[in-house]
Amino acid sequence: MHSKRLNYVLLIIIAGLIAVLITTKASQASNESTVSSNNEHFLINFDQKDFKQLEDFVHRFKEGKGGNLTLIPPIVDGGYWIHDVMSNGREIHYTVDNTRDGMSSDRGQTSSICSAIDIQETEEYYHFELSQCTNPKKEDRLSLAVFLKERL
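Just so you know, we're using the numbering used here here: the sequence shown kicks off at 29 and counts up by one.
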């Protein structure tokens with residue numbers, strides 16, 4: 029009789045430990061998912077929200093802070109061009125991948141390392157431009173994104 033009671037208590041303790049482990053793992057997975065989604069910045073609509081994220085990226089870079097963005101501009105014809113922008117606060121690593129564009133005559137990936145980023149404003153547009161880049165020539169400016177003001 030005493031042995032049965034001991035087995036019953038052990039069974040309850042083991043069940044409780046399993047419940048705690050499952051709850052802990054579920055909580056960790058939920059937290060990892062939240063952290064992951066908060067750190068991923070995909071710009072695909074080129075609307076006001078995307079503009080603010082890119083503007084924040086520029087300001088953070090000028091403060092010496094890093095960040096990562098992936099820009100996938102809307103397509104008119106052909107396939108997507110994916111722009112990866114990664115900064116450590118001192119330099120920006122910029123890669124363009126157009127391997128998914130079947131209409132492009134020069135498919136592949138190009139990369140540059142740039143030391144500056146600016147926003148140029150015209151009457152109708154905001155132009156985000158990289159400069160002081162290793163590729164192409166150092167004096168050239170690379171167009172990162174263009175936002176039509178009337179969409180913002």
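Beta carbons: idealized from backbone N, C-alpha and C, even for Gly.
- For Glu83, there is no enclosing beta strand (DSSP E); the residue is part of the alpha helix (DSSP H) that begins and ends at 76–90.
- Glu149 carries a strand assignment under DSSP once its states are collapsed to helix, strand and coil.
- No residue range can be given for Val104, since it is assigned to no beta strand (DSSP E) and is classified by DSSP as neither H nor E.
- Straight through space, the alpha carbons of Glu178 and Ser133 are spaced by roughly 32 angstroms.
- Around the beta-carbon of Phe70, fewer than 16 other beta-carbon atoms lie within 10 Å, marking it exposed.
- Contact between Phe89 and Gly106 is ruled out by a C-beta separation of about 30 angstroms, above the 8 angstroms threshold.
- In the DSSP assignment, Ile120 is bridged to Ser115, Cys142.
- In this structure, the beta-carbon distance from Phe156 to Val86 falls below 8 angstroms.
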